[in-house]
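Asks: Take a look at the following structure, please.
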Amino acid sequence: MSVKVLAVLASGSGSNLEAIAQAIHDGKLQAKIAVVIYNEPDAFARQRAEKFGIPAILVNHRDYKSRKALDLAIIDILKQYHVELVIMAGWMRIVTQILIDAFPERILNIHPSLLPSFKGIHSIEQAFNYGVKITGCTVHLLSLEVDSGKIIKQAAVPVLPEDSLADLQKRIQVQEHIIYPEAIAEYISTL
37 MSVKVLAVLA
47 SGSGSNLEAI
57 AQAIHDGKLQ
67 AKIAVVIYNE
77 PDAFARQRAE
87 KFGIPAILVN
97 HRDYKSRKAL
107 DLAIIDILKQ
117 YHVELVIMAG
127 WMRIVTQILI
137 DAFPERILNI
147 HPSLLPSFKG
157 IHSIEQAFNY
167 GVKITGCTVH
177 LLSLEVDSGK
187 IIKQAAVPVL
197 PEDSLADLQK
207 RIQVQEHIIY
217 PEAIAEYIST
227 L
C-alpha cells in the first residue's frame, strides 16, 4: 500500500493534528502530512505543525469575500501539495460544494458527539446540558450538510455523575486522539 498524502485543516490548538502526526511518526499510520492549512493567525496548530517539520500556511478567512473564494484558495494549496485526503481537525469553517467536489469522498472530519446527535457547535455542552449518559466522538466523511456525512468510526464516552463540562471535554478529546488516526488508516485502506 502506498503512502497517502494528507493535508490537515485546523483552526485552533491542533491537538488532533499532533495525534495524527505522532501516529505517522510511530508507524501506525502509513501517510504523510504534506501541509497544514490554518485560518486563525494565532492558532497553535501552526506550532504543532512546525514541531513535526510540516509546512503550515495561514489562509485567513477574513481576507476572502466569500466562502467560495476561501475554498478556491484552499483547493489551490491542496493541489500544489498533491494532496489525496483532506483531514479536518478542528476546522471551524463551513465549506462549500466546490471543496467537496474537488475531493469527493476524500475529506474526513471529526466531531465531538455521537452523530447524528448534537450536530454543530458546542456539541459537548449540548449533550452535557441535555443530560445524556453516553456521548463521544465521530469521524465522518464531510458533506455539505454540517456533521451529516457517512460515519467512519465512533468512540463512546460515558458521562459520569461527578463530571464537569471540562472533565467531559477532556475525556472526549482523549478518544478523538485515539480514533482519528485509526479512522484515517482504515479509510486509506479502502481507497
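Per this note's numbering, the sequence shown starts with residue 37, numbered consecutively.
Where a beta carbon is used, it is the ideal one built from N, C-alpha and C, also for glycine.
Please specify which runs of the alpha helix (DSSP H), each continuous and at least 4 residues long, are wholly inside the stretch 155 to 208, giving them in chain order.
Replies: Segments of the alpha helix (DSSP H) lying fully in the stretch 155 to 208: 159 to 166.
Asks: Using the Cα positions of A230 and E54, report the straight-line distance between them to the nearest angstrom.
Replies: Not covered by the structure: residue 230. The range shown for the chain is 37 to 227.
Asks: Name the residue from Q162, P148, E161 whose alpha carbon lies nearest to the alpha carbon of C173.
Replies: Checking every option, the nearest Cα to that of C173 belongs to P148.
Asks: Taking C-beta to C-beta, are V41 and E120 nearer than 8 Å?
Replies: Going by C-beta atoms, V41 is nearer than 8 Å to E120.
Asks: Taking V182 as the reference, which of A163, V168, L114, F154 has the closest Cα?
Replies: With distances taken between Cα atoms, V182 lies closest to F154.
Asks: Indicate whether the contact test is met: 3 or more Cβ pairs, each with one atom in the stretch 74 to 84 and one in the stretch 159 to 169, closer than 8 Å.
Replies: No: the two stretches stay apart, fewer than three of their Cβ pairs being nearer than 8 Å.
Asks: By the three-class DSSP mapping on this structure, what secondary structure does A221 have?
Replies: Helix, per DSSP.
Asks: Within the continuous alpha helix (DSSP H) that includes A105, where are the two ends?
Replies: Its alpha helix (DSSP H) spans residues 103 to 116.
Asks: Taking 6 Å as the limit between beta carbons, can you name the residues of its chain near A219, skipping five residues before and five after?
Replies: For A219, where only same-chain residues beyond five positions count, the Cβ hits under 6 Å are V175, I188, K189.
Asks: Could you give the distance in angstroms between the alpha-carbon of V72 and the alpha-carbon of I130?
Replies: Near 17 Å, if we compare the C-alpha coordinates of I130 and V72.
Asks: Let me know if L204 comes out buried or exposed under the rule of 16 or more other beta-carbons within 10 Å of its beta-carbon.
Replies: The residue is buried, with at least 16 neighbouring Cβ atoms inside 10 Å.
Asks: What does the alpha-carbon distance come out to for the pair A59 and A70?
Replies: Taking the straight line joining both Cα atoms gives about 15 Å.
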